[in-house]
Amino acid sequence: MHPHVEVIVVVNGSTDGSLDIARKSGAKVILYDHPLGHDVGRSLGAREAQGNILLFIDADMIIPAAKLRVFVDAVANGVDVALNDYSGPVKKTVVHGVILAKHALNALLGRSDLEGASMTAIPHAMSRRALSVIGASALSVPPLAHTMAIREGLSVKRVIHVNVGKLNPMRTKRERKNSLEPIIVGDHLEAIHWWLRNTDSRGGYEDEVRQRWMVR
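According to UniProt numbering, the sequence shown is numbered sequentially starting from 1.
This is the structure we're talking about:
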């Protein structure tokens, strides 16, 4: 492992040998015997991180180092949150609820240019500044962290496409039996709630000259 690279592995309830592999590789391991819930590991890892650039990946997905470096380079060159340019399949009769939620949230935030790119998908990278502004706790709810980053004026950009939808067939099978869709859509609703509390009842959108008092 490179001396200037810090690898943090959050092992929570894993039974596939990840712990031994991480330790033998020289990674710093944060170990919990039981599952902590969806995306909680992001917050725990971020709290322990010492570097100026944080790269988030998933141990179940093998991604070429050359592609991961693009995320790191983007942050090194001034981007605060470097997103995976992955919007999911949209040219379908029935589009997955999570994909719809990501597009809808970006539209609400005034960032339709991001399409369906979001901190929900890995890999992505962020600056130390972004972590300080957002806070590690919010990373457990990626759409909330995404919303906070945009609200606070951080530089949020798509940098390279990594088709994570095809990288983990085992997760695809699990999704058919025990879908995470309700949880992730709920995360987006939490993000929208935060946005409304920190803007106004219309999310920052104008009401023009509508005289509502006339019909009260």
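For every residue, glycine included, the Cβ atom is placed at its ideal position computed from N, Cα and C.
Between L55 and A125, the beta carbon gap of about 5 Å places them in contact (Cβ cut-off 8 Å).
Between the beta-carbon of S132 and that of G78 there is about 16 Å, and that puts the pair past the 8 Å contact cut. Within the DSSP secondary-structure output, A82 pairs in a beta bridge with A125, K157. Exclusion of the five residues before and after G13 leaves Y32, D33, H34, P35, L36 as the residues of its chain whose Cβ lies within less than 8 Å of its Cβ. Shown here for M119: same chain residues with a beta carbon closer than 6 Å to its own, the five before and five after excluded, namely P142, A145, H146 in chain order.
The secondary-structure analysis by DSSP pairs F56 across a beta bridge with H124. For the UniProt domain "Glycosyltransferase 2-like" (2-82), the full-length alpha helix (DSSP H) segments reaching 4 residues or more read 18-24, 40-48, 65-76 along the chain. Note that the C-beta distance between N198 and R158 is not below 9 Å. Counting the other CB atoms within 10 Å of its CB gives P3 a total below 16, which places it among the exposed residues. In this structure the segment 92-102 does not lie against the segment 68-83, because fewer than three pairs of beta carbons, one per stretch, are closer than 8 Å. Residues L144, A145, M148 of the same chain have their beta carbon placed closer than 7 Å to that of A138, with the five preceding and five following residues left out of the count. D80 places its beta carbon 9 Å or farther from that of S112.
In this structure S201 is exposed. Its beta-carbon is surrounded by fewer than 16 other beta-carbon atoms within 10 angstroms. Out of G26, Q50, S25, D58, the CA that lies nearest to the CA of G41 is found in D58.
Secondary structure of M119 (DSSP, three-state): coil.
Looking at K92, I160, E48, the one whose alpha-carbon comes closest to that of P123 is I160. Taking N52 as the centre and dropping the five residues before and after it, the same chain places the C-beta of R128 closer than 6 Å to its C-beta, in chain order. Around the beta carbon of I183, a 10 Å sphere encloses fewer than 16 other beta carbons of the protein chains shown; the residue is thus reported as exposed. For D60, the closest C-alpha among the options V164, A104, L83 is that of V164. For L144, the uninterrupted alpha helix (DSSP H) segment begins and ends at 142-151.
Of R210, G203, R23, M214, the smallest CA-CA separation from A104 is found for G203.
Its chain contains no residue whose beta carbon lies nearer than 7 Å to that of G110 once the 5 sequence neighbours on both sides are disregarded.
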